[in-house]
Amino acid sequence: MPTLEEDREAILKLHKDWWEANHQLVIPLMQSVYPSGDSYLMFNANGHPYFGIEEKTNLWEWYQGQIEIVAYPDIQIMRLTISGDMAWLACEGVFPMQAIGEAGTGSDTWQMKGEATENRLRATEIYQRDDGDGNPVWKMWHFHCSPLPDPDEPRPSVGDTGRERGLGHGPGITPLRVTSEGVRS
């Protein structure tokens, strides 16, 4: 049985691979993060759900003609909790992209018009030690992404802003950033 640290490393590698795949819409790397078949469920930032790796692949093939990610996303991990064969990760980030096709994101929920936009987002990633075929391999089973407010918008009832708090920061939180160079605080 793997140690908790080995589980953490496996999950952080999947997290890193997921965001690296997003940078250039690298479909094979994206597919390696998820379980086989229809097990995967995504709530995309465009507001729509995607079921299974085939629908996710179709979305990325379509996006390749509609959007360009103009820089590596800056993603800050706020929490990573592992319990047995399940884990969850919460993060915030900036995802710089621009529309290159007429449809852009294809959604009224998530719009952009031509020029590069620093899309601020938050995401939750759910991991399970199961590759979709019953093998004990960590995979991301669910991803939920939604927009963050403008960095200067005051937080209702609290009054601070995202810019003041800092990306990924919160009470008792020292965010982690996973890049191709490794994990950094």
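To convert, note that position 83 of the sequence shown is 90 in the working numbering; the numbers rise steadily by one, no gaps. C-beta: ideal position from N, C-alpha, C; glycine also.
Item	Value
If the criterion is Cβ atoms closer than 8 Å, does the pair Gly177 and Gln83 meet it?	no
Take the Cβ of Phe102 as the centre, count every other Cβ of all protein chains shown within 10 Å, and call the residue buried at 16 or more, exposed below.	buried
Do Val247 and Leu21 have their C-beta atoms within less than 8 Å of each other?	Residue 247 is absent from the model: the chain starts at 8 and stops at 192.
For the ligand MN, any of its heavy atoms closer than 7 Å to the Cβ of Gln38?	Absence of the ligand MN from the depicted structure is noted, as is the absence of any ligand whatsoever, leaving it without description.
Which whole runs of the beta strand (DSSP E) in the region 16 to 52 are 3 residues long or more, in chain order?	48 to 50
What are the uninterrupted segments assigned as beta strand (DSSP E) that are 3 or more residues long and contained completely in the region 92 to 120, given in chain order?	93 to 106
Within the region 131 to 173, note down every full beta strand (DSSP E) run reaching 3 residues or more, in order along the chain.	145 to 154
Could you pull the start and end residues of the alpha helix (DSSP H) that Thr64 belongs to?	59 to 70
Taking the alpha-carbon of Gly44 as reference, which of Ala28, Glu125, Phe50, Lys63 has the nearest alpha-carbon?	Lys63
Glu125 by DSSP, collapsed to three states: which one?	strand
Would you list the one or two residues that DSSP bridges to Ser90?	Met93
According to the neighbour-count rule (16 or more other Cβ atoms, all chains shown, within 10 Å of its Cβ), is Phe58 buried or exposed?	exposed
Does the beta-carbon distance from Gly169 to Pro158 come in below 8 Å?	yes
On the premise that Pro182 lies in contact with Met85, defined as a C-beta separation below 8 Å, what is that separation, rounded to the nearest angstrom?	6 Å
Compare the C-alpha of Gly111 against each of Leu96, Ala52, Ala28, Ile89 and name the closest.	Ala52
With H, G and I counted as helix, E and B as strand and the rest as coil, what does DSSP make of Glu13?	helix
When you compare each of Met49, Gly108, Pro156 to Trp69 by their alpha carbons, which one comes out closest?	Gly108
Between which two residues does the beta strand (DSSP E) harbouring Val190 extend?	189 to 191
Candidates Arg136, Leu11, Met147: which alpha carbon is nearest Gln38's?	Met147
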